[in-house]
Amino acid sequence: MDVVVLAGGFGTRLRPWTETIPKPLLPILDKSMIEHVLDVLPESQVDKVLIAAGYGVEQIREHFEKIPLPYEVVIVEETEPLGTGGAIANCREHLSGGTFCVINGDLITSLKVEEMLEFHKQNGGIATISLWEVEDPSRFGVADYKEDTGKIMRFQEKPAIEDAYSNLINAGTYILEQEIFDFMPDGAHSIERDIYEKIAVTGALNGFPFAGMFVDAGTPPSFVEASQACINSGRFATGQVSGDSWIGDGCENFGEAIGSSLGSNVTVGEGSSIQNSVILEGAIIGANCQLHGCLIGKGAEVNDGSNLNSEIVGHGSIVE
């Protein structure tokens with residue numbers, strides 16, 4: 187099976203971090219975001235991974251040249267924004283044919299793709315969408331899902347809670363057949379808004395609800411949440427857990443860390459408190475600092491006595 191990873195965005199909500207490092211390569215604990223995304227794939231069933239990238243293409247290519255993987259990785263460049271559907275269509279000539287998987291490039295999940303694939307084969311159809319249950323569906327596209335058939339009948343965009351078809355939302359991983367391309371127009375388009383409704387009315391759209399873990403790591407708060415999810419699920423090969431925080435190798439922590447991750451060779455001064463934050467490798471946090479909900483970039487310096495709340499500090503920056 188081939189897999190398409192949608193990684194064409196600019197990561198604007200994570201600037202200034204993404205001004206020099208493309209979002210797929212931002213580290214979550216001790217490996218890149220996109221490597222965490224690939225962790226859900228059943229290696230024995232994957233032949234090729236196509237990464238649909240539009241920003242930082244060479245950095246992404248160089249990154250994967252250094253990583254030994256049991257399948258081929260091909261970087262497919264978008265020279266202009268194509269939307270999710272256009273990005274998938276842009277990868278068509280590189281696909282081997284047959285059933286393939288598509289996954290958004292900033293999802294940290296516990297989805298069992300092999301189980302989703304088996305469900306898709308048994309249920310038939312053109313597309314299967316992963317579904318996640320939320321308490322408040324009013325901010326999402328909601329699926330009208332029939333549990334007895336496994337079919338999605340229609341979608342509802344950001345409904346009032348009392349009008350929602352269900353609490354199940356699109357969770358960003360898809361199993362698709364080649365027939366999907368028959369529904370796609372040329373140029374930029376969204377598979378979620380422009381294509382799935384058309385397939386739903388034919389009865390060929392399946393839903394696959396799952397539970398466990400689902401984080402879209404595209405915003406500062408959700409990036410911290412994704413890091414915490416990886417700590418809780420043991421998704422790291424180096425460093426160690428202290429309380430509810432992850433401490434990277436070579437880190438010197440003389441303060442306290444609560445619900446945070448401290449990258450390799452980070453220094454935290456005496457009397458400092460790091461709460462619900464991500465500190466990347468080589469950063470220096472001075473003494474008596476208070477950080478809450480912050481992202482501190484690689485090699486950045488936060489001087490003594492700083493009090494930061496929900497700040498993103500760029501790589502190599504100095505906070506006086």
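Residue numbering for the sequence shown follows this note's numbering, beginning at 187 and increasing consecutively.
Quick reminder that beta carbons are idealized off the backbone N, C-alpha and C, glycines included.
As the structure is a computational prediction, the values presented were derived from the model and not from experiment.
Cβ shell of residue i (< 6 angstroms), same chain only, five flanking positions each side left out
| i | result |
| --- | --- |
| V410 | N462 and V464 |
| N493 | Q476 |
| S376 | G269, T270 and G271 |
| E258 | K234 |
| S431 | A443 and S446 |
DSSP three-state assignment for residue i, whether helix, strand or coil
| i | result |
| --- | --- |
| D292 | coil |
| P371 | coil |
| I312 | coil |
| A423 | coil |
| H501 | coil |
| G481 | Contrary to the premise, residue 481 reads as Leu rather than Gly in this sequence. In this structure, L481 counts as strand in the three-state DSSP scheme. |
| K384 | helix |
| I207 | coil |
| L268 | coil |
| L200 | helix |
| L224 | helix |
Residues sharing a beta bridge with residue i, DSSP
| i | result |
| --- | --- |
| G327 | E343 |
| P158 | Absent from the structure is residue 158, since the part of the chain shown begins at 187 and ends at 506. |
| E438 | T453 |
| A443 | I460 |
| E319 | L354 |
| I471 | V454 and V488 |
| C287 | V189 and I361 |
| K307 | Per DSSP, none; premise fails for K307. |
| S428 | S431 |
| N493 | Q476 |
| L281 | None, per the DSSP bridge assignment. |
| K332 | K337 |
| L448 | I433 and I465 |
Cβ-Cβ separation, residue j to residue i (assumed contact under 8 angstroms), whole Å
| i | j | result |
| --- | --- | --- |
| S352 | V387 | Contact flag wrong, Cβ pair sits at about 18 angstroms. |
| A443 | I460 | 5 angstroms |
| I261 | V243 | 6 angstroms |
Sequence-distant residues of its chain with Cβ nearer than 8 angstroms to residue i (five each side left out)
| i | result |
| --- | --- |
| E467 | P213, G434, G449, S450, N451, V452, K484 and G485 |
| E383 | R340 and F341 |
Cβ shell of residue i (< 7 angstroms), same chain only, five flanking positions each side left out
| i | result |
| --- | --- |
| K209 | G195, G197, L200, M219 and D292 |
| G457 | G441, A473 and N474 |
Ordered list of beta strand (DSSP E) runs contained in the segment 226-266, each at least 3 residues: 234-239 and 258-263
Quick one: complete alpha helix (DSSP H) runs, 4+ long, within the segment 391-419? 406-418
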